[in-house]
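Here the structure is laid out as structure tokens; the discussion comes afterwards.
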Amino acid sequence: MDMAKALRGRTVLQARFGRFSLAAVAAGLLLTLSGCQGDDGSDRADDGRATIVAPGKPGEKARHLTPEQAAKAKPDDSPNAADHAYVSRMIEHHRQALTMSALAPERAAADGVKRLAERITAAQKPEIGAMEKWLARYPAPAPAPSAGASAGASAGSGGHPQGHDHGAMPGMATEQQLKDLAAAGGADFDRLFLTLMTAHHEGAVKMAGEALAGGNNGAVEEMATEVVATQSAEIHRMRSMG
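Counting in the working numbering, the sequence shown runs from 564 upward without gaps.
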């Protein structure tokens, strides 16, 4: 993936996030109680209750809603299958990045590689914590049992499927590649680390783009957008170091 293509993809994702941000602001305005503007009752319902001002579209007048009407007007951002798949898979994706980065302090030769590994750890470790909290709040529904399903494919704790193939995730290093990285040292480690981590980041950006395209939950969209922004910048940095 060349840089021009990466930047174009990032621009598309940022534009999509911008649309979400506007929707979030509009939803927030719907939930903000308007102040009393005098004795004319303009911000009061017929029964004297405070109303909520919902800004109209360009050229349209604002609407005055009751709290019940405003609650119904809020966008539904209930997590869907794409949200759950992204979060559960990205946790494992991040964990492998931490495993790779943990080798750098002792095996890397270049200070730049060591600092990069530190930044990756500092960013992705708390992201794992945030995603785990999200899964605890929104546990994935257990899949319906199918005829002839093997015990190994049954749902594990929290409704997450057991035995899913992490190697199928884009950018994941193979077991042999991890062994080669752990056995390398000095300049050889630096070259292999940058190669593997660049591919790893590219895979994460791809997964985030899929979540932005198919997900529905606002928190997941924010997490995916952060991954795109952070890891796209690190891809550029690693390519300049290689």
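Every residue, glycine too, gets a C-beta built ideally from N, C-alpha and C.
For residue i, tell me which candidate among the options has the shortest Cα-Cα distance.
| i | options | result |
| --- | --- | --- |
| Gly734 | Gly692, Ile798, Gly749, Glu690 | Ile798 |
| Glu695 | Ala686, Met732, Ser651, Arg682 | Ser651 |
| Ala747 | Ala731, Ala667, Val790 | Ala667 |
| His647 | Ala699, Lys677, Val790 | Ala699 |
| Glu784 | Gly692, Lys688, Trp697, Pro689 | Trp697 |
| Glu789 | Pro638, Ala693, Ala625 | Ala693 |
| Ala649 | Pro689, Ala703, Pro621 | According to the sequence displayed, residue 649 carries Tyr and not Ala. The shortest Cα separation from Tyr649 among Pro689, Ala703, Pro621 belongs to Ala703. |
Can you have a look at residue i and say buried or exposed, based on whether 16 or more other CB atoms are within 10 angstroms of its CB?
| i | result |
| --- | --- |
| Asn643 | exposed |
| Ser641 | exposed |
| Gln739 | exposed |
| Glu623 | exposed |
| Glu631 | exposed |
Using C-beta distances below 8 Å, list every residue in its chain close to residue i, excluding the 5 sequence neighbours before and after it, in chain order.
| i | result |
| --- | --- |
| His806 | Limits of the chain in this structure are 564 at one end and 805 at the other, which puts residue 806 out of reach. |
| Thr793 | Ala686 |
| Tyr701 | Pro642, Asp646, His647, Asn780 |
| Leu759 | Met663, Ala736, Gln740, Leu744 |
| Thr761 | Ile798, Met801, Arg802, Gly805 |
Residue i by DSSP, collapsed to three states: which one?
| i | result |
| --- | --- |
| Ala673 | coil |
Do residue j and residue i have their beta-carbon atoms positioned less than 7 Å apart in this structure?
| i | j | result |
| --- | --- | --- |
| Ala672 | Ala750 | yes |
| Gly778 | Ala645 | yes |
| Met804 | Gly675 | yes |
| Leu744 | Leu757 | no |
| Arg670 | Phe752 | yes |
Beta-carbon within less than 7 Å of residue i's beta-carbon, same chain only, minus the 5 sequence neighbours each way: which residues are those?
| i | result |
| --- | --- |
| Thr684 | Leu661, Ser664 |
| Pro689 | none |
| Lys742 | none |
| Asp603 | Because Asp603 sits at a pLDDT of 45, beneath the cut-off of 50, its placement in the model cannot be relied upon, and the following sentence gives the value as read from the coordinates. Hits under 7 Å: none found. |
| Pro621 | none |
Cutting at 6 Å between CB atoms, please list the residues of its own chain near residue i, excluding the five before and the five after it.
| i | result |
| --- | --- |
| Arg682 | none |
| Ala787 | Ala771, Ala774, Leu775 |
| Gly781 | Asp640 |
| Met732 | Arg652, His656 |
| Ile654 | Ile691, Met694 |
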